[in-house]
Amino acid sequence: MLKLLRNKKTAKKIWIGLAIIIIPAFAFWGFGSADKQDKSSVIGKIFGRNVTAIEFNNSLIAVRTSALMQFGDRLEEIEKYLNFEGQAWERLILLAEAKRRRIRVSDQEVIEQIQNAPYFQDQKGFSNKIYQETLRYVLRLQPRIYEEQTRQSLILNKLYEQVTKNYRLTDEQIRQEYLQANQELSIDYIASSFADFAGSVQPTDEQIASFFEKNKPMFKEPATENQPVRIPELSEIKDKVRSALADQTAKEMALQKINECAQNLKTMDFNRAAAACKLKVTGTDYFKSTGLIENLHSARNFWNTAKNLKENETSGVISNARGYYLIKLKSIKPIDESKFAQERAAFSEKLLSSKKAEMFGEFVEQLRKKAQ
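Numbering (my numbering), first residue to last: 581 to 952.
Printed below as a string of structure tokens:
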């Protein structure tokens, strides 16, 4: 144990968090819970090395501790959405990679990290009493275990820094990302929505039966305690099959209609092409890529398409969960250059952090594949 730590009561820095690297959990790796295993039993392998139940259990405790430190009393309500087992395997993989790279953390670094944690402070600085009581009554951990978890988290922080240290942003990249987040534009659009055709679709019994035969896998029911995976008989789910067929038919009809309109645009202007297909043209106000457009929901796909058009130029067919569309750029509003200059430094810092996290995520994904 780090006895020196529990005798010191001063702090120099603000602790940045045990869980600085929170990566979305991967799949369960095909392994069962270590709680059901003998502690010395082998429950899996990473990089060809056996992983025992006790190793996995320690990693599981560590990721749960990080979650508790991050979410506090909200953990109970969101725990069902967190894949602790997946995160535990990920932690083991990253620690194995850090070991391969000979990344080390000294006792002094662990001491300083814990001493500077804001939740172990009183008005005078680090409080040994608060530290001991938090570990005992909140985290339910022995100091030795918590200190080792802290050491491992610092090792993972160093691995993160090592992997991402050479990433740089160009001036053009910063500008384009700022435009993506802040520039506004407006469009006219022609919509061929699925809902417009759904009401006119009335499948016959023969069509329903044929659709079911060709698409049985999409109606497969998962296994339960009392029943294996199964595909129900048509008579059991006829309404569900009818609905699926109607949805698919409506989508096909909507696509056919928007393609017809796209053909018209080769010889007609935007409004005439829409009218010839019995579709209407709708205009929007200015919107950002991060916003919402009335009746279209997320603006990102429309913004990304429109930004590459010239004024009054039309796009090809694009789609979202509601239908198919053709758009025409009306205008792009220039950004406030003085505001960009003022916000550039803070925006760049946030963007760099995001891009590094994205880069590290890709690194972890490659590592995971190698580990398996």
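All C-beta atoms in this analysis are idealised placements derived from N, C-alpha and C, irrespective of residue type, glycine included.
_Pick from Gln732, Leu648, Ala879 that is closest to Ser899, judged by C-alpha positions_ = Checked all of Gln732, Leu648, Ala879; the closest Cα to Ser899 is Ala879.
*Is it true that the CB of Leu734 sits closer than 8 Å to the CB of Gln693?*
In contact: Gln693 and Leu734 (Cβ atoms closer than 8 Å).
*With a threshold of 16 other CB atoms inside 10 Å of the CB of Ile788, please say whether the residue is buried or exposed.*
In summary, Ile788 is buried, with 16 or more beta-carbon neighbours lying within 10 Å of its beta-carbon over all protein chains present.
*For the beta strand (DSSP E) containing Lys846, list its first residue and its last residue.*
From DSSP, Lys846 is part of no beta strand (DSSP E); its letter is neither H nor E.
*What's the gap between the Cα of Ile673 and the Cα of Lys738?*
Taking the straight line joining both Cα atoms gives about 15 Å.
*Sheet register partners of Val631 (DSSP bridge)*: Within the DSSP secondary-structure output, Val631 pairs in a beta bridge with Gly624.
*Run through the segment 922-952 for me and flag every whole alpha helix (DSSP H) of 4 or more residues, listed as ranges in chain order.*
Entirely contained in the segment 922-952, not one alpha helix (DSSP H) run reaches 4 residues.
*Output the boundary residues of the alpha helix (DSSP H) element that contains Ile694.*
Under the DSSP assignment, Ile694 falls in the alpha helix (DSSP H) whose first and last residues are 687-695.
*List the DSSP bridge partners of Tyr905.*
Under DSSP, Tyr905 takes part in a beta bridge, and its partners are Ala771, Ile898.
*Going by DSSP, which residues form a beta bridge with Ile915?*
According to DSSP, which records beta bridges pairwise, Ile915 is partnered with nothing at all.
*Would you give the residue range spanned by the beta strand (DSSP E) that Gly871 belongs to?*
No beta strand (DSSP E) holds Gly871; DSSP gives it neither H nor E.
*Reducing DSSP to helix, strand and coil, say where Lys837 ends up.*
Lys837: helix per DSSP, three-state reduction.
*Got a sec, what are the start and stop residues for the beta strand (DSSP E) Gly652 sits in?*
If you look at Gly652, you'll find it isn't in any beta strand (DSSP E); DSSP assigns it neither H nor E.
*Which word fits Glu670, buried or exposed, when buried means at least 16 other C-beta atoms lie within 10 angstroms of its C-beta?*
It is buried - the Cβ of Glu670 has at least 16 other Cβ atoms within 10 Å.
*Rounded Cβ spacing between Leu931 and Ile691 (contact assumed at less than 8 Å)*: Between Leu931 and Ile691 the beta-carbon gap is near 34 Å, outside 8 Å, which marks them as no contact.
*In chain order, what residues of the same chain lie with their CB nearer than 8 Å to the CB of Lys935, ignoring the 5 residues before and after it?*
So the list reads Tyr747, Leu749, once near-sequence residues are dropped.
_Close Cβ partners of Glu945 (< 6 Å) along its chain, the five nearest in sequence each way excluded_ = If you ignore the 5 residues before and after Glu945, its C-beta comes within less than 6 Å of no other C-beta in its own chain.
*Mind checking which residues open and close the beta strand (DSSP E) that includes Gly863?*
Run containing Gly863: 861-863, per the beta strand (DSSP E) assignment.
*Kindly provide the ranges of any beta strand (DSSP E) runs that are 3 or more residues long and lie completely inside the segment 732-791, ordered along the chain.*
Complete beta strand (DSSP E) runs here, min 3: 764-773.
*asked:* I'd like the list of long-range same chain contacts for Arg822, defined as Cβ closer than 7 Å, with 5 residues on each side in sequence excluded.
replied: Same-chain partners within the cutoff: Pro783, Ile788.
*Please confirm whether Gly896 and Ala834 have their CB atoms less than 8 Å apart.*
No, they are not a contact pair.
*Given that a residue counts as buried once 16 or more other Cβ atoms are within 10 Å of its Cβ, and exposed if not, what is Glu793?*
With fewer than 16 Cβ atoms within 10 Å of its Cβ, Glu793 is classed as exposed.
*Segment limits, alpha helix (DSSP H) that includes Tyr711*: Tyr711 -> alpha helix (DSSP H) spans 708-713.
*Going by other Cβ atoms of all chains shown within 10 Å of its Cβ, with 16 needed for buried, is Gln703 buried or exposed?*
With fewer than 16 Cβ atoms within 10 Å of its Cβ, Gln703 is classed as exposed.
*So what's Glu677 in DSSP terms, helix, strand or just coil?*
Helix.
_Measuring only from the beta carbon, is Leu859 closer than 7 Å to any heavy atom that is part of the ligand MN?_
Summarising the ligand content, the structure contains no ligands, and the ligand MN is consequently not present.
*asked:* Taking 8 Å as the threshold (C-beta atoms), are Thr862 and Ala771 in contact?
replied: Contact: yes.
*If you draw a straight line from the C-alpha of Ser780 to the C-alpha of Ala926, how long is it?*
Looking at the backbone, the Cα of Ser780 and that of Ala926 are separated by about 53 Å.
*asked:* Using C-beta distances below 7 Å, list every residue in its chain close to Gln760, excluding the 5 sequence neighbours before and after it, in chain order.
replied: Here the set comprises Ser869.
*Is Arg810 helix, strand or coil by DSSP?*
If DSSP states are grouped into helix, strand and coil, Arg810 belongs with the strands.
_Integer Cβ distance of Asp827 from Ala778, believed to fall under 8 Å_ = Between Ala778 and Asp827 the Cβ distance is about 7 Å, and since that is below 8 Å, they are a contact.
*My guess is that Lys913 and Ile767 are in contact by the Cβ rule of under 8 Å, so how many angstroms apart are they, rounded?*
Cβ atoms of Lys913 and Ile767 stay farther apart than 8 Å, at about 12 Å.
*Are Leu736 and Tyr866 closer than 8 Å when you measure CB to CB?*
Contact flag unset, no.
*Consult DSSP for Gln701 and reduce its assignment to one of helix, strand or coil.*
Gln701 carries a strand assignment under DSSP once its states are collapsed to helix, strand and coil.
*Which residues in the same chain as Thr885 place their Cβ atom closer than 7 Å to its Cβ, once the five residues preceding and following it in sequence are excluded?*
So the qualifying residues of the chain are Ser895, Ile898, Ile907.
_Within the continuous alpha helix (DSSP H) that includes Phe882, where are the two ends?_
It spans 880-886 - the alpha helix (DSSP H) in which Phe882 sits, taken as one unbroken run.
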